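In the numbering used here, the protein residues as written are -5 to 428. Heads up, the beta-carbon is just placed ideally off N, CA and C, and yes, glycines get one too. Quick caveat: nothing in here was measured; it's all calculated off a predicted structure. Report on one structure; see the data block that follows.
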Ligand code: GLN
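Shown next as structure tokens:
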């Protein structure tokens, strides 16, 4: 287990935690972290937002509670894009995590701190959350394994919601075996989360993955080369690989940003500077002026953009044009996946179209350009499907990830695939000198 005395120095360097423990871990069996949008007693929960400064939850999120009862020691809360809005973890009020392979590059997002912790700290298990790719993207950029289970498999009790119809708690680790070790720990029906479900429960003996449908997409040359090599390696592992096309995929991104912003904007409405976190404004103001001043001051730019976008697409007069249409697209994508799963165990794509960008490249991106980075990670999230990102190569010294997506409740096939892949693919860990 990690020597906790090094934690402050590690964090100073990589900024993966928004808060770290000051306690000792004498009898803990393993160390884990929780993304900062998951509540944990003894830690603040700020979801990367300044408006939640000072919020000290009085209960553990279900996943944290379960990890603690299994012998886990919570070492800290990991840094993230504010409320999950972002793909590079640059939208946090608490600093920006730095990629362990190149400090001038992003860890991905929004669970960037979680992926960084998993990459840098040996034997570390990070609890992450995905709404539209926030586990797969950072796992890919930081060269670790990241598993987002079937929607509903893990209770969301204690999660600061982003998009309730898509939010999923999952796991990131440098060791594929940890996914299979800890997903059963955090899974299960929970009466405190009415969307949680465990039918069928996670299989005890994970089934083997035998066939994958490869969906080719536009990527950088380095990502393409790594995926082609992985394809061959999978064949040599006796997995059937066949290229297929998925016509609905190109509609996933716009549909996702309509639905996720619509849901996100309703969730942000509760942060008005009176409940949770900050409530230290000028209370002599009229209430709506007070709310406006608190939100203007303490919500970040990207959050404001999502609130405006989401409120617009839900407005009467526009609802049918955008929100209802996006729901239709979502159904069409699910149907196309289901057709593929009649013939194949999983869909294979690169996780991200390029390697982790540098911060100077990110600051030059428009909002739309950064949304485009999610083109491959959004479809399984929109569909509630389990998916796993696995390191599969390197380009310019940076990790490349590939993503397998399986049918609902077939999480076990992905867990076995990740373990088998790890036996074949030797990842190069980042050089962490302290
Ligand atoms: N990048 C996507 C977004 O900004 C997904 C983030 C997430 O899964 N939380 O919405």
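In the DSSP assignment, residue 386 falls within the beta strand (DSSP E) that extends over 381 to 389.
For residue 167, the enclosing beta strand (DSSP E) covers residues 162 to 167.
Within 7 angstroms of the C-beta of residue 348 there is not a single heavy atom belonging to the ligand GLN. Between residue 249 and residue 318, the C-beta spacing is not below 8 angstroms.
In terms of side-chain proximity, the C-beta atom of residue 187 is found no nearer than 7 angstroms to any non-hydrogen atom of the ligand GLN. The residue among 168, 82, 123 and 140 with its C-alpha nearest the C-alpha of residue 146 is 123. Residue 149 has its alpha-carbon roughly 6 angstroms from the corresponding atom of residue 184. Proximity of the beta carbon of residue 127 to the ligand GLN is indicated: a heavy atom of the ligand is located closer than 7 angstroms. By alpha-carbon distance to residue 192, the top candidate from 199, 170, 201 and 181 is 181. Rounded to whole angstroms, the separation of the alpha carbons of residue 391 and residue 409 is 27 angstroms.
Ranked by how close their Cα comes to the Cα of residue 366, the residues 171, 341, 201 and 81 have 81 in first place.
Judged by DSSP secondary structure, residue 141 falls within the beta strand (DSSP E) whose first and last residues are 139 to 142. Between residue 92 and residue 9, the CB-CB gap stays under 8 angstroms. A direct Cα-Cα distance of roughly 26 angstroms separates residue 234 from residue 168.
By the beta-carbon neighbour count (other beta carbons within 10 angstroms, threshold 16), residue 212 is exposed.
For residue 99, the three-state secondary structure derived from DSSP is strand.
Within the same chain, Cβ atoms closer than 8 angstroms to the Cβ of residue 5 are found at 11, 14 and 70, the five residues on either side in sequence being excluded.
Taken from the Cβ of residue 104, at least one heavy atom of the ligand GLN lies inside 7 angstroms. For residue 14, the uninterrupted beta strand (DSSP E) run begins and ends at 11 to 14, by DSSP. Between residue 377 and residue 307, the C-beta gap is not smaller than 8 angstroms, which leaves the two residues out of contact.
Rounded to whole angstroms, the gap between the alpha carbons of residue 356 and residue 79 is 15 angstroms. With distances taken between CA atoms, residue 66 lies nearest to 19 out of 242, 198 and 19. Relative to the ligand GLN, the beta carbon of residue 135 is positioned no closer than 7 angstroms to any heavy atom. For the options 362, 271 and 283, the alpha carbon positioned closest to that of residue 40 is the one of 271. With fewer than 16 other Cβ atoms from the protein chains shown falling within 10 Å of its own Cβ, residue 422 counts as exposed. If you draw a straight line from the Cα of residue 96 to the Cα of residue 135, it comes to about 11 angstroms. DSSP places residue 236 within a strand segment (E or B) once states are collapsed to three. For the stretch 200 to 281, the continuous alpha helix (DSSP H) assignments of 4+ residues that do not extend past its boundaries occur at 215 to 230 and 246 to 262, in sequence order. For residue 208 and residue 31, the gap between their C-alpha atoms comes out near 33 angstroms. Shown here, residue 150 sits in coil according to DSSP, grouped into three states, outside any helix or strand.
A Cβ-Cβ contact shorter than 8 angstroms links residue 259 with residue 301.
Residue 397 sits close to residue 343, with the two beta carbons spaced by under 8 angstroms. CA-CA distance, residue 57 to residue 34, rounds to 10 angstroms.
Excluding residues up to 5 positions away in sequence, 335 lie with their Cβ nearer than 6 angstroms to the Cβ of residue 401 in the same chain.
The criterion of a C-beta distance shorter than 8 angstroms is satisfied by residue 214 and residue 348. With contacts defined as CB atoms closer than 8 angstroms, residue 164 and residue 371 fail to qualify as a contacting pair.
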